[in-house]
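There are 8 protein chains.
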Amino acid sequence: MAAEWRVYLSGEIHTDWRHEIAEGTKAAGLDIAYSAPVTDHGASDDCGVAILGAEPDKFWHDRKGAGVNAIRTRTLIEKADVVVVRFGDKYKQWNAAFDAGYAAALGKPLIILHPPEHAHALKEVDEAASAVAQTPAQVVEILRYVIRGELPDRQRAAAE
Amino acid sequence: MAAEWRVYLSGEIHTDWRHEIAEGTKAAGLDIAYSAPVTDHGASDDCGVAILGAEPDKFWHDRKGAGVNAIRTRTLIEKADVVVVRFGDKYKQWNAAFDAGYAAALGKPLIILHPPEHAHALKEVDEAASAVAQTPAQVVEILRYVIRGELPDRQRAAAE
Amino acid sequence: MAAEWRVYLSGEIHTDWRHEIAEGTKAAGLDIAYSAPVTDHGASDDCGVAILGAEPDKFWHDRKGAGVNAIRTRTLIEKADVVVVRFGDKYKQWNAAFDAGYAAALGKPLIILHPPEHAHALKEVDEAASAVAQTPAQVVEILRYVIRGELPDRQRAAAE
Amino acid sequence: MAAEWRVYLSGEIHTDWRHEIAEGTKAAGLDIAYSAPVTDHGASDDCGVAILGAEPDKFWHDRKGAGVNAIRTRTLIEKADVVVVRFGDKYKQWNAAFDAGYAAALGKPLIILHPPEHAHALKEVDEAASAVAQTPAQVVEILRYVIRGELPDRQRAAAE
Amino acid sequence: MAAEWRVYLSGEIHTDWRHEIAEGTKAAGLDIAYSAPVTDHGASDDCGVAILGAEPDKFWHDRKGAGVNAIRTRTLIEKADVVVVRFGDKYKQWNAAFDAGYAAALGKPLIILHPPEHAHALKEVDEAASAVAQTPAQVVEILRYVIRGELPDRQRAAAE
Amino acid sequence: MAAEWRVYLSGEIHTDWRHEIAEGTKAAGLDIAYSAPVTDHGASDDCGVAILGAEPDKFWHDRKGAGVNAIRTRTLIEKADVVVVRFGDKYKQWNAAFDAGYAAALGKPLIILHPPEHAHALKEVDEAASAVAQTPAQVVEILRYVIRGELPDRQRAAAE
Amino acid sequence: MAAEWRVYLSGEIHTDWRHEIAEGTKAAGLDIAYSAPVTDHGASDDCGVAILGAEPDKFWHDRKGAGVNAIRTRTLIEKADVVVVRFGDKYKQWNAAFDAGYAAALGKPLIILHPPEHAHALKEVDEAASAVAQTPAQVVEILRYVIRGELPDRQRAAAE
Amino acid sequence: MAAEWRVYLSGEIHTDWRHEIAEGTKAAGLDIAYSAPVTDHGASDDCGVAILGAEPDKFWHDRKGAGVNAIRTRTLIEKADVVVVRFGDKYKQWNAAFDAGYAAALGKPLIILHPPEHAHALKEVDEAASAVAQTPAQVVEILRYVIRGELPDRQRAAAE
């Protein structure tokens with residue numbers, strides 16, 4: 038029972054967790070189309086003014102960029118079958134939580150990925166999720182199980 | 038008038054009715070993409086803890102697994118054109134009835150498949166269905182008619 | 038600007054208007070995926086009992102068949118980009134008007150096709166339509182214009 | 038458990054079935070807000086031109102009126118909890134079938150009211166309905182049961 | 038911050054849990070409009086034939102009744118802010134699970150109420166719920182907290 | 038042109054900004070029904086276990102509470118006409134950002150309230166908002182203008 | 038059959054057409070709740086900066102105001118049963134056409150009000166409308182007919 | 038992360054801005070499926086009567102054409118991921134503003150393209166947009182960034 042899945046990877050952009058997940062599912066032979074926000078921090082901050090002209094006021098500098106980024110992020114979240122949101126160690130990451138809320142209201146299954154020390158602060162976000170993982174490897178296993186019905190130590194296709 | 042149909046097969050997992058339907062429509066030359074829950078009972082029960090870590094409390098053990106399974110089942114039900122739900126002889130099968138309600142609220146055409154002795158207990162579920170069948174062979178015939186316009190004893194393509 | 042269009046052809050099943058439209062758009066080089074109800078009147082009436090077992094009461098005989106047909110018709114109407122509904126000279130054709138109302142509530146663009154003498158009786162249906170045609174050839178021209186931007190006497194692609 | 042119900046009465050306008058239902062549920066002490074199309078046939082036909090100016094072409098005369106009537110009918114159908122559609126003995130009544138399809142696509146519970154001789158011609162419409170009645174008195178009883186849980190010969194409030 | 042809440046109480050109809058919840062929230066001074074299916078088992082089974090005429094075949098006897106009941110249950114579930122579904126000790130209760138699935142797909146917050154021994158069989162249903170309770174008294178407390186912000190042992194209004 | 042508005046006040050719970058806004062619009066004579074999450078931090082954290090039983094694992098302690106709180110917060114956000122989200126100086130406040138994303142996906146007009154130093158970190162959230170304010174007094178003025186058409190220094194009703 | 042209707046009056050703000058319509062329906066005894074954008078041109082232009090602080094760049098001055106106005110206009114359009122959009126003689130009036138498109142996509146019945154000389158330029162907008170009027174008095178008559186079933190020269194309640 | 042994007046180009050039809058954008062993104066190697074209204078002004082005006090028969094009254098001549106055009110425009114807007122609306126120097130362009138409102142209500146990301154002198158008149162439309170551009174080249178850069186994460190002067194793929 039073949040299935041093509043689209044997975045959006047939202048949140049933290051300073052580690053290579055997206056790569057890790059993509060490599061992991063590729064190694065497992067899964068056919069997943071990943072999407073994500075632009076992960077070049079500088080480009081993401083400056084895209085608005087770089088394309089549409091400079092703004093002396095930082096607030097509107099940011100607004101212009103956020104508008105352009107939203108074209109990408111909201112379109113891809115709406116096209117996704119599953120949304121994974123990772124919260125890292127640094128920064129406020131309010132856009133990650135915003136994406137989680139946005140995806141939840143659209144009825145998208147959510148996988149939240151964060152270190153255990155953020156559990157209490159993320160309890161409302163975790164509650165809206167279908168799964169809460171701590172490592173990219175766990176996300177790989179969730180996707181493998183969800184798409185193929187295979188579990189880590191069993192290696193047998195359960196869902197044919 | 039070619040059509041690609043997606044059919045989700047929900048419910049009972051202890052007989053090979055899914056295989057029977059898939060073989061039947063394949064033999065009839067139909068192009069149907071089937072999907073289903075993970076039908077390995079053990080994998081379905083333990084997927085949460087196998088991937089995300091053990092839980093001492095059975096309630097949360099079950100919750101973790103149910104969350105992971107829901108990523109699969111709800112996504113595939115939402116993508117389906119038709120949802121078939123089979124009620125077998127054993128177990129409570131509340132998840133089957135839940136899927137039927139879920140699919141009904143999404144406006145998916147439902148085919149309910151059950152032995153005649155369950156008819157009274159399933160009357161609300163059957164009422165929400167477009168067809169109530171007793172055998173996988175009948176489901177095959179429904180799908181053949183719906184997609185091709187062919188009836189069992191007529192063998193002629195009615196809908197060209 | 039290529040576009041694949043899906044057109045559902047609802048209503049009257051006793052003349053070959055569907056064939057006429059399909060041939061017309063094919064001759065014009067349009068890429069349209071047509072769908073329709075099962076147009077074999079006898080099959081459409083008897084599909085329920087032929088597959089699911091005889092009913093002594095004609096009302097339930099009809100109900101069984103109507104349920105099976107609805108799996109096809111509603112699924113295909115929901116997948117269609119445009120719904121064409123033809124009212125012919127005979128019968129009550131309430132299912133055609135039902136389909137028109139169903140499609141209208143889903144926001145599907147409607148083309149209603151009927152002889153001029155039905156205009157007053159169909160005024161509410163026509164009002165919900167984007168176009169009211171009298172001949173299949175007009176429907177062909179509408180589809181050609183809508184998809185390619187070509188008009189009958191102009192033969193030039195307006196929308197590239 | 039008090040409930041205010043809104044019921045839209047669509048279809049045939051030449052007998053006093055609406056009055057009969059309204060009187061019946063009033064006598065039963067039910068609190069129902071009824072709505073309906075304009076049932077003055079002449080007014081319904083001419084409202085467009087009477088307000089917005091004459092049209093020499095009957096087709097556009099009808100279109101203008103149908104547009105004005107649609108403001109009323111679609112708004113009230115969308116506000117209704119239940120839609121009753123009556124098919125009478127005369128006329129094409131395509132607007133009644135259109136309303137039924139429109140309401141069905143909006144997910145409104147439908148009660149279809151028609152004499153038994155129309156059963157075959159209305160089989161698709163009946164299939165989309167929650168109940169098929171033959172008399173206004175039956176519709177009164179359905180509404181009484183649905184709102185109060187009372188059955189004709191039992192007279193006891195079942196649903197408190 | 039006053040709020041009027043509507044709560045639908047689905048499921049088991051052989052104990053007085055609905056009464057218990059309604060009394061409990063009334064004692065707590067909450068303003069809740071409760072709704073429910075018809076809880077007179079006999080009336081619920083026979084409403085179709087009692088109003089619309091007898092059916093010799095039990096299957097269609099049930100279908101007629103289920104259609105009439107669905108007018109009530111689906112309308113009230115769609116109007117509800119919160120849906121409580123109770124699973125008792127007896128019967129298949131597939132309609133309860135169906136209601137839970139239906140409400141979940143509509144995005145209604147679910148409270149599932151069942152004895153602990155049903156936990157494993159209900160794991161998919163529980164996973165879709167915002168809360169899983171074991172006693173009507175707990176449901177009362179949940180509603181009190183949700184509407185007023187008051188907890189059992191604190192007695193102070195938290196949400197002014 | 039009277040209007041009853043419902044405004045949900047999400048986010049920071051350690052200052053009395055909600056009271057300030059409510060008092061301000063009351064003083065201005067506006068008729069607004071405010072709603073909010075439970076703002077007693079301790080109650081909000083412990084409501085799950087206080088009602089449904091203790092959990093040894095903090096993660097499930099939090100999950101139980103978050104589920105109960107979500108019944109309140111999502112219901113009230115969905116009923117609101119306008120959602121105001123305040124970000125304060127402390128804590129991660131991911132639930133505030135989650136609420137903003139949730140409300141945005143539902144199409145609710147958003148007013149974001151935060152001190153200027155959070156502007157860059159909140160740029161995606163601000164972009165989704167109709168207005169970004171720095172003080173509760175500004176929110177009062179926005180609501181006064183939106184409902185009455187009155188501006189601070191003009192004091193004249195513009196929208197009669 | 039009493040009905041409370043909500044009508045949004047969009048577009049041109051330099052003549053007293055809103056007052057004329059409101060007076061007309063009041064004189065006819067209709068119970069209509071009207072809503073509208075803020076019609077004080079200066080207030081509408083400056084509301085953003087008056088409340089949230091000055092902007093040196095006119096573009097952002099306008100953006101701030103447009104955001105605040107959108108809270109009002111979109112909320113009220115979504116709550117309306119019918120949307121009337123008037124195009125006057127002056128200005129670009131793109132916001133009026135925007136409102137018409139917005140209301141059309143939400144499925145709101147539209148009445149477009151404009152002098153005959155704008156007919157060609159407004160043909161796409163008029164096509165999306167249920168009625169096209171030239172005078173406020175005609176809008177009064179449409180609303181009277183739609184709500185009461187009364188026509189100008191007939192004075193009889195058709196829809197009781 | 039491959040993505041196929043569909044972009045609808047609405048509005049002004051007298052310059053070759055659509056061609057310019059399509060060429061620009063093609064040169065950048067982007068895979069975009071563009072769609073647009075029929076841009077042959079004469080064909081667009083006359084399509085209704087050319088296909089469905091002449092109308093003596095210009096109003097209905099226009100209505101017939103607008104209906105046929107709407108089949109194309111609304112279908113393509115609904116299929117689009119992004120909608121670009123250009124306002125030029127001439128004409129009322131109310132259909133462009135209508136399309137913008139229509140797309141906004143559907144939740145489509147909007148890019149508005151107009152010369153700076155129209156900024157004040159378009160402030161409500163611009164406010165609903167994710168980006169406001171002045172040149173087709175800027176739209177090309179926005180699409181390149183949104184799809185590939187590349188900025189004009191950086192030339193590096195940020196989003197792999």
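In the order they appear, the protein sequences are chains A, B, C, D, E, F, G and H.
This note's numbering applies: residue 38 is where the first sequence begins, and numbers increase by one.
This note's numbering applies: residue 38 is where the second sequence begins, and numbers increase by one.
This note's numbering applies: residue 38 is where the third sequence begins, and numbers increase by one.
This note's numbering applies: residue 38 is where the fourth sequence begins, and numbers increase by one.
This note's numbering applies: residue 38 is where the fifth sequence begins, and numbers increase by one.
This note's numbering applies: residue 38 is where the sixth sequence begins, and numbers increase by one.
This note's numbering applies: residue 38 is where the seventh sequence begins, and numbers increase by one.
This note's numbering applies: residue 38 is where the eighth sequence begins, and numbers increase by one.
Positions of the beta carbon are idealized from the N, C-alpha and C atoms, including for glycine.
Classified as exposed, residue 41 of chain H has fewer than 16 neighbouring CB atoms from the shown chains inside 10 Å of its CB.
Inclusion of residue 133 of chain F and residue 165 of chain F in the CB contact set at 8 Å is not warranted, their separation being larger than that value. Shown here, residue 128 of chain H sits in coil according to DSSP, grouped into three states, outside any helix or strand. In the three-state reduction of the DSSP assignment, residue 81 of chain D falls in the helix class, which pools H, G and I.
The three-state reading of DSSP puts residue 61 of chain F in helix, counting H, G and I together. Taking a Cβ-Cβ cut-off of 8 Å, residue 109 of chain E has no neighbours in chain B, whose nearest Cβ is about 11 Å from it. For residue 54 of chain H, no chain G residue has a C-beta closer than 7 Å to its own C-beta; the minimum C-beta separation is roughly 18 Å. Taking a contact as a CB-CB distance under 8 Å, the pair residue 86 of chain E and residue 98 of chain E counts as one, their CB atoms being some 5 Å apart. In the three-state scheme derived from DSSP, where H, G and I count as helix and E and B as strand, residue 67 of chain D is classed as coil.
Rounded to the nearest whole angstrom, the CA to CA distance from residue 96 of chain B to residue 128 of chain B is 18 Å.
Nearest to residue 114 of chain A by C-alpha distance, out of F:151, F:171, F:64, F:142, is F:142.
Taking a contact as a CB-CB distance under 8 Å, the pair residue 156 of chain B and residue 163 of chain B counts as one, their CB atoms being some 7 Å apart. For residue 178 of chain E, the C-beta contacts it makes with chain F under 7 Å involve 88, in order along the chain. Approximately 5 Å separates the beta-carbon atoms of residue 107 of chain F and residue 167 of chain E; this is inside 8 Å, confirming the contact. Nearest CB-CB separation between residue 112 of chain F and chain E: below the 8 Å threshold.
Chain B places no beta carbon closer than 8 Å to that of residue 166 of chain C, leaving this residue out of the contacts. A contact is defined here as three or more CB-CB pairs under 8 Å, and the segment 58-65 of chain G fails this definition with respect to the segment 171-190 of chain F. Residues of chain E with a Cβ closer than 8 Å to the Cβ of residue 48 of chain D do not exist, since the nearest Cβ in that chain sits about 18 Å away.
What residue 150 of chain B touches in chain E, judged by beta-carbon distance under 7 Å, is nothing: the nearest beta carbon there is about 14 Å away.
For the pair residue 122 of chain F and residue 48 of chain F, the CB atoms are nearer than the 8 Å cut-off. The beta carbon of residue 124 of chain D is closer than 7 Å to those of 48, 49, 130, 133, 151, 155, 159 in its chain, skipping five residues each way along the sequence. Residue 135 of chain G and residue 111 of chain C have their alpha carbons spaced roughly 33 Å apart. The residues 150, 151, 152, 153, in chain order, have a CB closer than 8 Å to that of residue 171 of chain B in the same chain once the five nearest residues on each side in sequence are set aside. The C-alpha of residue 83 of chain D is placed about 32 Å away from the C-alpha of residue 109 of chain H.
DSSP, reduced to helix, strand and coil, places residue 147 of chain B within a strand of the structure shown.
When the five nearest sequence neighbours on each side are left out, the beta carbons in the same chain lying within less than 8 Å of the beta carbon of residue 55 of chain B are those of 46, 71, 73, 76, in order along the chain.
Rounded to the nearest whole angstrom, the CA to CA distance from residue 105 of chain D to residue 118 of chain G is 14 Å. Listed as beta-bridge partners of residue 45 of chain H by DSSP are H:72, H:120.
For the 8 Å CB-CB criterion, residue 145 of chain A and residue 43 of chain A do not form a contact.
In this model, residue 183 of chain G and residue 103 of chain D are separated by some 11 Å (Cα to Cα). Proximity to residue 161 of chain H across G:67, G:81, G:68, G:64 peaks at G:81, based on C-alpha coordinates.
Across the set H:53, H:65, H:89, the C-alpha of H:89 shows the shortest separation from the C-alpha of residue 180 of chain C. Taking the CA atoms as reference points, residue 176 of chain A sits about 17 Å from residue 100 of chain B. Taken through DSSP and simplified to helix, strand or coil, residue 140 of chain B comes out as helix. The beta carbon of residue 122 of chain G sits no closer than 8 Å to any beta carbon of chain F.
Distance from the CA of residue 120 of chain F to the CA of residue 93 of chain D, rounded to the nearest whole angstrom, comes to 52 Å.
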